[in-house]
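Single-structure report; data block below.
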Amino acid sequence: MRLQNLCHRATYIFVVLPNDNLIVQKRSNLKDYCPGYYDPTPGGVVGYGETYDINAERELNEEMGLSTDLQKMFQFYYKDEEVDCWGAAYLTRYDGKIDDLELQEEEVSGVEAMSVDEILEREENGDKFTKDSTHAVRLYKQWKEDHKISSSSKIIRNVDTASYTLRSAPKAVFFDCDDCLYFDGWKVAQRLTDKIEEWCVEKKGLKPGEAYSLYKQWGTALLGLIKGGHLSTPSEIDSYLSDVHDVGVSNSLKPDIKLRELLLSLDPAIPKYVFTASVKSHAKACLEALGVADIFGDNIIDTKVCGLQTKHSKESFEKAMEYAGVGKEDVGGCVFFDDSVKNIRTAKEMGWRGFLVGMVARDTGEDIECEECEAAMPSILDARLACPEIFK
Numbered sequence: 001m002r003l004q005n006l007c008h009r010a011t012y013i014f015v016v017l018p019n020d021n022l023i024v025q026k027r028s029n030l031k032d033y034c035p036g037y038y039d040p041t042p043g044g045v046v047g048y049g050e051t052y053d054i055n056a057e058r059e060l061n062e063e064m065g066l067s068t069d070l071q072k073m074f075q076f077y078y079k080d081e082e083v084d085c086w087g088a089a090y091l092t093r094y095d096g097k098i099d100d101l102e103l104q105e106e107e108v109s110g111v112e113a114m115s116v117d118e119i120l121e122r123e124e125n126g127d128k129f130t131k132d133s134t135h136a137v138r139l140y141k142q143w144k145e146d147h148k149i150s151s152s153s154k155i156i157r158n159v160d161t162a163s164y165t166l167r168s169a170p171k172a173v174f175f176d177c178d179d180c181l182y183f184d185g186w187k188v189a190q191r192l193t194d195k196i197e198e199w200c201v202e203k204k205g206l207k208p209g210e211a212y213s214l215y216k217q218w219g220t221a222l223l224g225l226i227k228g229g230h231l232s233t234p235s236e237i238d239s240y241l242s243d244v245h246d247v248g249v250s251n252s253l254k255p256d257i258k259l260r261e262l263l264l265s266l267d268p269a270i271p272k273y274v275f276t277a278s279v280k281s282h283a284k285a286c287l288e289a290l291g292v293a294d295i296f297g298d299n300i301i302d303t304k305v306c307g308l309q310t311k312h313s314k315e316s317f318e319k320a321m322e323y324a325g326v327g328k329e330d331v332g333g334c335v336f337f338d339d340s341v342k343n344i345r346t347a348k349e350m351g352w353r354g355f356l357v358g359m360v361a362r363d364t365g366e367d368i369e370c371e372e373c374e375a376a377m378p379s380i381l382d383a384r385l386a387c388p389e390i391f392k
């Protein structure tokens, strides 16, 4: 099967010792695939008509003489020049002595105890491990972190264990501004809404409520005004944006020490940006009021950078990646925090990792459901729980 690189199913079993080390097999020299290699996941090819569960029980008993309870963790797809496989990963615990294991000589020449990090480090340094099993180990390490996050009462995590994949290393972190980096009960948001309504009625003679209709139709009132011919020149657009964002945020936003501590604890090797639907001046005013403006500097991606497109358009996300210098090949390394389900949905479609901040809807007060987010959290202050890998 493996010699001909035929697509098949296989099981990968993590035998965990009380100290969390794994039992790693040394494959017999009689094996046709990777003889003499280390294999951190006992298991084997699933036979015709055999289920993953039955195969895992059989292989563990045959190779190591164990008959223990198995917990199915996740399924995954793996392909390289030698292996094309749909795998199922299982977890079992062993409290006995390694020397007491009954090894199948034609399959296993010996066993050792290794930590997950030791396995990955030794492979990195040239020790021979089966590639598909070390991929499974990386998934296992990620799964353990996911499992820890899911156990938090604050975080709602969406993990597809039926097709589990290894996430990309973070390349850039993007934070929405309003109602994400801070939450004031939507007071600033309401002032922005009122200001837009006032401007449209007084400056353009629109009927009351028409600005909201333009927003619903086009995604932003600005786009609606442009499409409707109410704004045409760059100076008119700049004047509109300046006027409607003049809402005096310093009256309601105060320095947030906890937010500052959180942002300062981010991994300095990962660039961070504010990605906002508003204008740069408004975002800066908010950051200054919160006492975190120096942390972001000029790393602000606003509606002008995005060509005045709605934030939830794919074009805006492409512009954000371009601004941050993230190539398409690294799209999975874009980590995004936002309070908008629409924005999170587009992030998912683009291949970004989206985290929903705030779990109650502004209009209804009901709990928000967002299947597209990787995790949902009550506050940005919970970001370390939801995405620990972006912190130092």
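Heads up: the sequence shown at position 306 corresponds to 306 in full-length UniProt numbering, and the numbers run straight through without jumps.
Every residue gets a Cβ at the ideal spot worked out from N, C-alpha and C, and that includes glycine.
Because the structure is a prediction, the values reported are computed rather than measured.
From R191 to S265, what does the alpha carbon distance come to, in whole angstroms? 32 Å
Compute the beta-carbon to beta-carbon distance between S168 and G358, rounded to the nearest angstrom, for a pair I have assumed lies under 8 Å. That belief does not hold up - the Cβ atoms of S168 and G358 are roughly 25 Å apart, past 8 Å.
Round the Cβ separation of A10 and G44 to the nearest angstrom and send it over; I've been treating them as touching at under 8 Å. 6 Å
Beta-carbon proximity list for D95, same chain, < 7 Å, skipping 5 on both sides: P18
Mapping DSSP to helix, strand and coil, what is C200? helix
If you run the structure through DSSP and keep just helix, strand and coil, what is H8? strand
Buried or exposed: which applies to R27, given that a residue is buried once 16 or more other Cβ atoms fall within 10 Å of its Cβ? buried
Closest by CA to E369, which one among N158, Y182, L290 and T346? N158
Helix, strand or coil for I156 per DSSP? strand
Can you grab the Cα-Cα spacing for the pair I156 / F74, in whole Å? 18 Å
Coarse secondary structure for R167, derived from DSSP in three states: coil
What do you get for K392, buried or exposed, if any count of 16 or more other CB atoms within 10 angstroms of its CB means buried? exposed
Starting from M73, trace the beta strand (DSSP E) in both directions and tell me its first and last residue. Q71 to K79
Under the three-state DSSP convention, the category F296 falls into: helix
Start-to-end residues for the alpha helix (DSSP H) that takes in S109: It is not in any alpha helix (DSSP H) - S109 instead sits in the beta strand (DSSP E) that spans V108 to M114.
Considering T346, what are the terminal residues of the alpha helix (DSSP H) in which it resides? V341 to M350
Where the beta strand (DSSP E) containing R93 begins and where it ends: D84 to R93
Which residues mark the beginning and the end of the alpha helix (DSSP H) in which G47 is found? Careful: G47 lies outside any alpha helix (DSSP H) and carries neither H nor E.
Starting from the C-beta of N310, find all residues in its chain whose C-beta is less than 8 Å away, skip the five residues before and the five after it, and write them out in chain order. The residue you asked about is not Asn; residue 310 is Thr in the sequence shown. So the list reads W218, G219, T220, L223, A277 and S316, once near-sequence residues are dropped.
First through last residue of the alpha helix (DSSP H) which encompasses residue 406: Here the chain has residues from 1 to 392 only, and residue 406 is not among them.
G87 versus E118: straight-line alpha-carbon distance, rounded: 23 Å
Selected residue, minimal CA-CA separation from L6, among K79, T51, N29 and V249: K79
Using CA atoms only, rank isn't needed, just tell me which of E322, A189 and E371 is closest to T346. E371
With burial defined as no fewer than 16 other Cβ atoms inside 10 Å of the residue's Cβ, what is the status of E124: buried or exposed? exposed
Classify Y90 as buried or exposed, calling it buried when 16 or more other Cβ atoms lie within 10 Å of its own Cβ. buried
Would a C-beta distance cut-off of 8 Å place K314 and E349 closer than the cut-off? yes
Three or more C-beta pairs under 8 Å: does that hold for the region 179-196 against the region 251-262? yes
What does a CB cutoff of less than 7 Å around I390 pick up in its chain, not counting 5 residues either side in sequence? P170, V173, L266, D267, I270 and V335
For D338, name the three-state secondary structure that DSSP assigns. strand
Just tell me which of Q4, E57, I237 and A376 has its CA closest to the CA of K304. I237
Beta-carbon within less than 7 Å of L290's beta-carbon, same chain only, minus the 5 sequence neighbours each way: which residues are those? L181, Y182, L253, P255, D256 and L259
CB of S109 within 8 Å of CB of N29, strictly: yes
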